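Single-structure report; data block below.
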Amino acid sequence: MLSWQQVNKQFGRKVVAADLSLHVADGELVAVLGESGSGKSTLLNMAAGLVQPDNGQILIDEADITFLPAEQRRIGLMFQDYALLPHLNVWQNVAFGLRMHGVSKAQAKQQAQEFLAEVGLADMAMQSVELLSGGEQQRVALIRALILQPRALLLDEPFSALDTTLRGSLQQLTLRLLRQQQCPAVLVTHSPQEAFALADRICLLRQGRWVQEGNAATLLAQPTDAWAARLLGCDNVTDHCYIPQQALCYDLENGVQVQVTDVCLTARAYDVQLLHPQYGLLRWWLPLHRTVNRGDQLPLTVLQDQIVFFH
Numbered sequence: 001m002l003s004w005q006q007v008n009k010q011f012g013r014k015v016v017a018a019d020l021s022l023h024v025a026d027g028e029l030v031a032v033l034g035e036s037g038s039g040k041s042t043l044l045n046m047a048a049g050l051v052q053p054d055n056g057q058i059l060i061d062e063a064d065i066t067f068l069p070a071e072q073r074r075i076g077l078m079f080q081d082y083a084l085l086p087h088l089n090v091w092q093n094v095a096f097g098l099r100m101h102g103v104s105k106a107q108a109k110q111q112a113q114e115f116l117a118e119v120g121l122a123d124m125a126m127q128s129v130e131l132l133s134g135g136e137q138q139r140v141a142l143i144r145a146l147i148l149q150p151r152a153l154l155l156d157e158p159f160s161a162l163d164t165t166l167r168g169s170l171q172q173l174t175l176r177l178l179r180q181q182q183c184p185a186v187l188v189t190h191s192p193q194e195a196f197a198l199a200d201r202i203c204l205l206r207q208g209r210w211v212q213e214g215n216a217a218t219l220l221a222q223p224t225d226a227w228a229a230r231l232l233g234c235d236n237v238t239d240h241c242y243i244p245q246q247a248l249c250y251d252l253e254n255g256v257q258v259q260v261t262d263v264c265l266t267a268r269a270y271d272v273q274l275l276h277p278q279y280g281l282l283r284w285w286l287p288l289h290r291t292v293n294r295g296d297q298l299p300l301t302v303l304q305d306q307i308v309f310f311h
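Numbering (full-length UniProt numbering), first residue to last: 1 to 311.
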């Protein structure tokens with residue numbers, strides 16, 4: 001288990017951790033979701049030993065590592081820029097941590113090649129990392145972090161620079177390898193979609209303070225306030241309530257006629273903007289079998305019992 005216990009950190013007057021506690025079990029992946037500057041990366045850096053908390057404790061398996069040097073923590077790190085070493089080839093990058101821990105060159109090379117085969121890069125072991133694509137570099141960074149069998153893995157927005165298709169495949173690869181190793185893992189991200197795709201549990205962070213936590217279904221069903229709803233990417237959010245898609249019904253018999261102010265065709269649905277007489281501008285995702293154009297009038301019923309009101 002990886003734990004932060006009542007951790008505090010300030011940079012000047014800026015609070016990035018205010019009495020934060022978080023416990024991540026073995027085999028669990030927790031996503032910390034927040035805006036830029038919320039304290040997400042600082043949380044990871046304190047666990048990695050790159051930043052010292054002002055007070056509080058960092059623990060692994062109940063052992064206090066708050067002041068343990070970073071190189072002695074055996075924590076794996078993955079960053080957006082991969083941080084590969086250009087003067088080393090692919091297998092040497094993967095084996096770098098092993099060599100630093102005294103593993104022989106032959107044994108380190110063998111282990112590196114086994115991990116490269118696991119992620120489909122066995123044929124590239126001797127290549128320069130500078131010749132690899134972004135996705136290939138990411139796979140190298142991933143197995144370099146995991147080859148040491150870390151006590152925990154910290155992921156700082158590692159997929160944000162990749163295209164959508166590649167991002168999805170690498171996210172699934174990361175999950176598979178994490179399940180094999182069963183170490184606690186923490187992902188920090190500003191993308192709710194990434195958090196939904198990867199995390200067992202999601203924690204919302206605002207200005208160094210927890211706002212809400214839970215799994216994706218729980219958070220989307222009942223965001224605690226308008227800020228949380230907007231961070232999660234919810235549609236139709238005001239300061240007082242959130243009108244989810246299941247509250248919007250195409251109702252020929254009883255629906256109010258509302259005007260389509262804008263429409264965008266996507267691969268899966270029509271993204272429709274409506275001007276409702278009571279609720280104002282609403283976003284409605286309509287199935288492709290309902291052809292819709294700007295200026296159309298659509299019969300809409302808003303189900304009151306499906307609206308989420310903030311307290």
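Ideal Cβ positions, reconstructed from N, Cα and C, are used throughout, including at glycine. Remember, predicted model here, so these are calculated numbers, not experimental data.
Who are the near neighbours of residue 15 in its chain, counting only those whose CB is closer than 7 Å to its CB and skipping five residues on each side?
-> 207, 208
In its own chain, which residues sit with a C-beta less than 7 Å from the C-beta of residue 41, not counting the 5 before and 5 after it?
-> 156, 188
Going by CA-CA distance only, name the one from 222, 293, 24, 6 that's closest to residue 182.
-> 24
Assign residue 31 to one of three DSSP states: helix, strand, or coil.
-> strand
Please list, in chain order, all residues of the same chain as residue 198 whose beta carbon is under 7 Å from its beta carbon, the five residues on each side excluded.
-> 29, 31, 171, 175, 187
Length of the line joining the Cα atoms of residue 116 and residue 146 | 11 Å
Span of the beta strand (DSSP E) holding residue 192?
-> Where residue 192 is concerned, there is no enclosing beta strand (DSSP E), although the alpha helix (DSSP H) it sits in stretches over 192 to 198.
Alpha helix (DSSP H) containing residue 41: first to last residue?
-> 40 to 48
Is it true that the CB of residue 33 sits closer than 8 Å to the CB of residue 154?
-> no
Would you call residue 69 buried or exposed, if buried means 16 or more other Cβ atoms sit within 10 Å of its Cβ?
-> exposed
When you compare each of 253, 167, 235, 91 to residue 245 by their alpha carbons, which one comes out closest?
-> 235
Give the DSSP-derived three-state secondary structure of residue 85 in the structure shown.
-> coil
Rounded to a whole number of angstroms, what is the C-alpha to C-alpha distance between residue 163 and residue 233?
-> 20 Å
Measure the alpha-carbon distance for residue 66 versus residue 58 and round it to whole angstroms.
-> 5 Å
Of the residues 161, 252, 44, 300, the one placed nearest residue 278, counting alpha carbons only = 300
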